[in-house]
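S.K.:
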């Protein structure tokens, strides 16, 4: 296991110290490690266990429960496409299919350039702008194939290489 | 946008961006807090809330004051306020709009609640897709702290209360109060039933009040203007206050509207939301978020309020109206809802863990034209089982199915008779709902019910 | 006391009882999967739904989550409840594989029972079944996730009840998966209970897999032999070998569970090396020939040197019947009173540890689990008496403060205070902790002036014990004399072996220690020795060293010990699985085990790996072993003596604590005699000085340090290969010049008798100074109590 960068260690220590009991910081610590490693690889889980004083099983219990923690490799951008009823009503299926087709991935798959992963998501709270998707905390409203093309192009333009687990 | 009804929570929404502290204060912001801390006793604040009959805006409609009364007065040690901003009910987005419009209204409400129950710690529980709002609240909390509205010795008094943001990693069940407390504690968020209530033994075994964000945002108004004013805001006899209605679907102007409690569904859809979208004809509406049944057109004049809706066999829920037009297949819509519930279940009890996927499987068959009469019987058999689940999740999931079978049976039958979707929808693929979790635990079918294609 | 009516029958139950338990009192078993007596309600399976037709609750509700209340009328067979439960079964069967014919749980599967009794036989649901990949969970538990019905019993037991954190639920919704982070052995030493708890074949007993259908097994109630607690087990035998051990409910002792040592240490009864025929001077002979020769040689010895030249030695893993028969024979023949314990001091201490258990002070193991403060003195629960750790865990979960004073590093799955003190300081610790809490700080400084690191812990202990309503003391026998005279403080001793209490109850006051016998043999005062179910090489190396001086060594045993190998005459005896018998647990509780199988070679060996032979006129092979008590009785007859028909009953009648007890009809929970307290104060044992060297502390491992367990193949397989591991405090190691270079895992030699035993030295700071912790293996049995300066050296 390679050591974490000092800034990240400091950040993790800060997250744990900021809450009454380390367990409360479990999700925050996993988020931080996910940002660092790109996804929660086993090494990240062991780091989290060490920082939080929890077992890897306890963290796995949480990581696999939640939607936004990824225990498998994902692309630089995880595209959460809302598939709940309102977006569905606006033919979300075709948006989803268009994304998969354009990126050449199955649902849940990662594009060959390692940039995009397409995941269906529970309602993301943007129903008045259906159909919609969420990428890195940003909403994209009233999607059409043209708009999707534009969004993908924009994201492709400004990407830096993240640290990765092997 | 309609502004002819009183805008209390959305007073500053017209800015089109989050109101600053100065803007909030210009409209009387933090006056309620200043008039309360050191001037009213916590019990007086509680009494105001009781008198105002403020009911929870998160779905269940439990009177907030009665919940607060459950906090033991003799508890030594920390008490917590948990602000529930999980808001994962499909069709609901009011809390996001509210935080974005007026963050300090929310903060003032939280502090007033904390003062009333004697809490010293607050946790702002927020879902991951609202990361922007989480950062906004963190930022505005810093501002509030600098101005003495939050933190140690609020407004120079000996009352101290601080608020921190807890980011969820996203599951609908985290919106349930006991599950949310577990989630904050770093435990699996399975709801807890039996034993002491969270008001007695909640976060870290301390008394904890979990309230929806919108509920708390009503407090500054109630404290400043009094219970009578608050009650008068409502249009129905039993209601009090205004409500944020999330309107989505096939309407001309989808969005979030602050309207009195007791306004009719017809008025919301056809006046405030501008009626149906061009070229669309009304079929039905889900009035209170995904956990409430389809409402037939005949009930459009129902007042949006907890008690009248319950009396009519409907649910007020989160007041999130999802409007469907005649061209939308309700079997498909229900299936979409079941996909949501099946994926979001915590997996604790049998009716929810096994029953909802079973319903989904049956609806997939029906929607795909392979449905039989027996499938309808099986659906009917399953609904009472879902009703007896551990928490309110599965009973909520049963509601749209029940609505479908009660009011739109003809549509279901058409699928079975025609052996295809009469609306021309392609058969639902088992394309599935990929998850980001480790696949190693799943066998030859890569993930249950083909959920993980990889 | 709420009164309610269930299925037309009235029942009155204590407040807080759930309806499902109230029904159980009436003998009505409401179907359930997730609810378990020991784990409580989870409300997960929804199988226990019943109809409330009148009273404070109305309608269909879960009986596990509804507390019984006055006026309730419950119908368990209400059509609505039956229909609901049928739906639940149908849902659970949607994903459950139809692999009952190849499932090890088949036949004792709760899901199978409920599916059939619920009338679910036709699958209505379309669609595929969910499948999972399984994990390797180690040697004891087989994982078969496809069969899981997600009752969460395993996770609740593992994490909440036991406090281990390497196994649990993962994923959500209908993907929930119970397992570990990755493949690997379960860390929980109670994990074997998962096989009993799991209502389906998801978690099954791995060593017992495919050995037998449960209904084909012979089954009998038995008592565990692998520590002194006397946990109740059910022994299941198939083809003359113990196929598996299951926990047997005893509310006063082990509750519903047992430890993995108890569950997986059988098998010694079926090893090929087991003595199965009588041996005379190294040759297998018919039993009658060996017995005749034995009687003749004993008579000749008695004639030549007097009956006092013959001694009998009883073991601490025998039933009380065997122990009593040995005593009766010695008395009838005029031999030296039988020896059981290493020294007279140890015997007196063990007897005192029982005598102090007067009715107000005695606590059962279950009561330790309900105590609100426990001081554990000289016991490392997880290894000396594993189920004690689980009882302490339950106490701790309910808020009890647990303090463990023991020289060894102590690991427990619960928050506790460890006071690492050497044994010579136990009395001081006891005095301070049970003394006045206000004076504790001062007393600690006065009594333990050189151990300031212990003062805060001692003060905590004193305060916790003083404030508690149900304080308890778990102690090692040597401390009986130092116990405070305070009826408030409950007592629970932990003894050395399964039958230590039996021996202490029965042994005559003039019984010598094994050390005296060794001296007598060395001096030629004892010429003949009859050893009943004991291994001298482990129990009395001093005696083992002088065996060559004996004219006659007779060994009766069921284990192939070195003592058996050294004997002139061997008579094979039966194990507890073949003869049953009464055992006394560490609190003196008398419990009966029943025989489960006939002695004789396991069919697997008899049939040479093939199907058992079909010749019916052939005698059963390997059936020479007989109960030791029976052999001793025959030996008495061969000597022309008559023993009482029931030596145990006869002996018990003369022992105050046992007089008047009906040993033939012990109650199900066992019977704890009412002890009268110490007759006379014991002399305090001579304090051992730490100045001269390191005090030797023997410690048990979870597996294979108990005598039967050493011969159990499965238990033996859990031990680490390589030299024994010694533990020493890092500062002591530094003082001895052993800490430099290799901080851990130093190769050393240990002087043991006249041999040098290679060992590995590990250092710790979580242990007492001045001691060396040594594993209880026969190789190291002969260490002196204090290891001299040259006893430990670098290899």
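Residue numbers (the UniProt record's numbering), protein chains in the order written: chain C, 1 to 166; chain H, 1 to 454; chain A, 1 to 795.
Just so you know, even glycine gets a beta-carbon here, dropped at the ideal spot from N, CA and C.
When DSSP builds the beta bridges, which residues end up paired with residue 591 (chain A)?
M.R.: The partner list for residue 591 (chain A) (beta bridge, DSSP) reads A:583.
S.K.: Let me make sure I understand the geometry here. Which of A:33, A:87, A:90 has the alpha-carbon closest to that of residue 807 (chain A)?
M.R.: The shown model of chain A, from 1 to 795, leaves out residue 807 (chain A), and the question about it has no answer.
S.K.: Against residue 231 (chain A), what residues of chain H qualify as contacts under a CB-to-CB distance less than 8 Å, listed in chain order?
M.R.: In chain order: nothing, as chain H lies at least about 31 Å away.
S.K.: Quick test of your reading: residue 293 (chain A) and residue 280 (chain A), contact by CB under 8 Å. State the CB separation rounded to the nearest angstrom.
M.R.: The pair is a contact, with the Cβ atoms about 5 Å apart (cut-off 8 Å).
S.K.: Out of curiosity, what's the CA-to-CA distance linking residue 395 (chain H) and residue 675 (chain A)?
M.R.: Their backbone Cα atoms lie some 59 Å apart in a straight line.
S.K.: In the DSSP assignment, find the unbroken beta strand (DSSP E) run with residue 222 (chain A) in it and report its ends.
M.R.: Taken as a continuous stretch (DSSP letters only), the beta strand (DSSP E) holding residue 222 (chain A) covers 218-223.
S.K.: Using the Cα positions of residue 763 (chain A) and residue 693 (chain A), report the straight-line distance between them to the nearest angstrom.
M.R.: The straight-line gap from Cα to Cα measures roughly 17 Å.
S.K.: Inspect the CB distances between the segment 48-60 of chain H and the segment 119-132 of chain H and report whether three or more fall short of 8 Å.
M.R.: The segment 48-60 of chain H is not in contact with the segment 119-132 of chain H.
S.K.: Return the CA-CA distance between residue 539 (chain A) and residue 499 (chain A), expressed in angstroms with no decimal places.
M.R.: Spanning the two alpha carbons is a distance of roughly 14 Å.
S.K.: With the cut-off set at 8 Å, would you say residue 83 (chain H) and residue 211 (chain H) are in Cβ contact?
M.R.: Yes; because the gap between Cβ atoms is below 8 Å, this pair is in contact.
S.K.: Cβ atoms of residue 345 (chain H) and residue 172 (chain A): under 8 Å apart, would you say?
M.R.: Cβ atoms of residue 172 (chain A) and residue 345 (chain H): closer than 8 Å.
S.K.: On a CA-only basis, which of A:414, A:552, A:324 is nearest residue 658 (chain A)? Give me that one, please.
M.R.: Comparing Cα-Cα distances from residue 658 (chain A) to each of A:414, A:552, A:324, the minimum goes to A:324.
S.K.: Do you know whose CA, among A:621, A:529, A:35, lies nearest residue 326 (chain A)'s CA?
M.R.: Of A:621, A:529, A:35, the residue nearest in Cα terms is A:529.
S.K.: Enumerated in chain order, which unbroken segments of the beta strand (DSSP E) with a length of 3 residues or greater are wholly contained in the segment 408-468 of chain A?
M.R.: Segments of the beta strand (DSSP E) lying fully in the segment 408-468 of chain A: 417-419.
S.K.: Where does residue 415 (chain H) sit, in a helix, a strand or coil, going by DSSP?
M.R.: Here residue 415 (chain H) sits in helix by DSSP.
S.K.: Are three or more beta carbon pairs between the segment 479-494 of chain A and the segment 393-402 of chain A nearer than 8 Å?
M.R.: As far as the Cβ criterion goes, the segment 479-494 of chain A does not touch the segment 393-402 of chain A, which means the pair count is below three.
S.K.: Can you list, in chain order, the residues of its chain whose CB lies under 6 Å from that of residue 256 (chain H), leaving out five sequence neighbours each side?
M.R.: These residues qualify, in order along the chain: 94, 97, 244, 246.
S.K.: Following the continuous beta strand (DSSP E) through residue 142 (chain A), name the residue where it begins and the one where it ends.
M.R.: Counting along the chain, the beta strand (DSSP E) containing residue 142 (chain A) begins and ends at 141-143.
S.K.: Evaluate residue 619 (chain A) with the Cβ neighbour count: other Cβ atoms within 10 Å of its Cβ, from every protein chain shown; 16 or more gives buried, anything less gives exposed.
M.R.: Exposed, because fewer than 16 other Cβ atoms sit within 10 Å of the Cβ of residue 619 (chain A).
S.K.: According to DSSP, is residue 454 (chain H) helix, strand or coil?
M.R.: Caution is warranted here: a pLDDT of 29 is assigned to residue 454 (chain H), below 50, making its placement in the model unreliable, and the coordinate value is therefore given only provisionally. Coil, per DSSP.
S.K.: Leaving out five residues on either side along the sequence, give the residues of the same chain with a beta carbon under 6 Å from the beta carbon of residue 753 (chain A).
M.R.: The answer, listed in chain order, is 782.
S.K.: Measuring straight from C-alpha to C-alpha, what distance separates residue 456 (chain H) and residue 202 (chain A)?
M.R.: Because chain H in this structure spans residues 1 to 454, residue 456 (chain H) falls outside the shown range and cannot be described.
S.K.: With a threshold of 8 Å between beta-carbons, can residue 470 (chain H) be considered close to chain A, or not?
M.R.: Given that chain H is displayed from residue 1 to residue 454, the structure contains no residue 470 (chain H) and the question cannot be resolved.
S.K.: Quick one: which chain A residues come within Cβ less than 8 Å of residue 353 (chain H)?
M.R.: 150, 173, 174, 176, listed in chain order.
S.K.: Over what stretch of residues does the beta strand (DSSP E) that includes residue 401 (chain A) continue unbroken?
M.R.: It spans 401-405 - the beta strand (DSSP E) in which residue 401 (chain A) sits, taken as one unbroken run.
S.K.: Count the other CB atoms, across all protein chains shown, that sit within 10 Å of the CB of residue 406 (chain H); report buried if there are 16 or more and exposed otherwise.
M.R.: With fewer than 16 Cβ atoms within 10 Å of its Cβ, residue 406 (chain H) is classed as exposed.
S.K.: Would you list, in chain order, the members of the segment 74-85 of chain C that have their beta-carbon closer than 8 Å to a beta-carbon of chain H?
M.R.: Within the segment 74-85 of chain C, the residues whose Cβ lies closer than 8 Å to some Cβ of chain H are 74, 78, 80, 83, 84, 85, listed in chain order.
S.K.: Among A:472, A:736, A:726, which one has its Cα closest to the Cα of residue 745 (chain A)?
M.R.: Residue A:726 is the option with its Cα nearest to residue 745 (chain A).
S.K.: Along chain A, in chain order, which residues have C-beta atoms closer than 7 Å to that of residue 64 (chain C)?
M.R.: Near residue 64 (chain C) (Cβ distances below 7 Å), the residues of chain A are 170, 171.
S.K.: Output the residue ranges of the alpha helix (DSSP H) runs that lie fully inside the segment 271-346 of chain H and measure 4 residues or longer, sorted by chain position.
M.R.: List check, alpha helix (DSSP H) in window: 306-311, 330-344.
S.K.: Taking 8 Å as the CB-CB cut-off, is residue 166 (chain A) touching chain C?
M.R.: True, the Cβ-Cβ gap to chain C drops below 8 Å.
S.K.: Could you confirm whether any beta carbon from chain H is found closer than 8 Å to the beta carbon of residue 72 (chain A)?
M.R.: No, no contact with chain H.
S.K.: Could you give the distance in angstroms between the alpha-carbon of residue 322 (chain H) and the alpha-carbon of residue 181 (chain H)?
M.R.: Taking the straight line joining both Cα atoms gives about 29 Å.
S.K.: Given a threshold of 16 other Cβ atoms within 10 Å of its Cβ, counted over all protein chains shown, does residue 154 (chain C) qualify as buried or as exposed?
M.R.: Answer is exposed; the Cβ neighbour count stays below 16.
S.K.: Does residue 678 (chain A) come out as helix, strand or coil in the three-state DSSP assignment?
M.R.: Coil, per DSSP.
S.K.: Inspect the CB distances between the segment 719-738 of chain A and the segment 410-419 of chain A and report whether three or more fall short of 8 Å.
M.R.: No: fewer than three Cβ pairs fall under 8 Å.
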